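> Residue numbers for the sequence shown follow this note's numbering, so the first one is 1 and each next one is one higher.
Built from N, CA and C at the ideal position, the CB exists for glycine as well.
This one's a predicted model, so the numbers in the text were calculated from it and none came from an experiment.
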Amino acid sequence: MKKQLKYLFFLNLISFSFSAESGGWLDKWLTIDSGLLLWTILTFFVLLFILRWKAWGPLMEALDNREKQISEALNAAQVAKDEAAKVASDNEEVLNKARQEAHEIVAQAREAGEKLKKKLEA
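Here it is, written out as structure tokens:
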């Protein structure tokens, strides 16, 4: 294994020395080619124009539609939440009224029972 690593290291040294003699790969990457720069900028702006012309409108329309759907869904959820709270409070009110009536009925029954008990004792 060590022998193979030494061999690969030696081959890399040789390849780097040959590339350094011919100017190196870094010089090719760092030099500015004015023709390539001009065509790159021109292509960028042409593509930007075409995308803005053809794609921007549909994208913005889709985003607006999505925003509208989300807003409507949030409003519907809020309405449903308010309605559920109203129904819950109505149910609580009915339950409290039923409890009150039950207490009144029980009190009346006790009172009637007491009257009957007194009547029977006399």
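Assuming residue 31 is part of the alpha helix (DSSP H), what are its boundary residues?
The residue given as residue 31 occupies position 31 in the sequence shown. It is not in any alpha helix (DSSP H) - residue 31 carries neither H nor E in the DSSP assignment.
> Which runs of the alpha helix (DSSP H), 4 residues or longer, sit entirely within the stretch 68-117?
Listed in chain order, there is nothing to give.
> Can you tell me whether DSSP reads residue 55 as helix, strand or coil?
Residue 55 sits at position 55 when you count from the first residue of the sequence shown. Three-state result, residue 55: coil.
> Can you name, in chain order, every residue of its own chain whose Cβ lies under 7 Å from the Cβ of residue 39, other than the five neighbours on each side?
For this step, residue 39 is matched to residue 39 along the sequence shown. Cβ neighbours of residue 39 beyond the five flanking positions: none.
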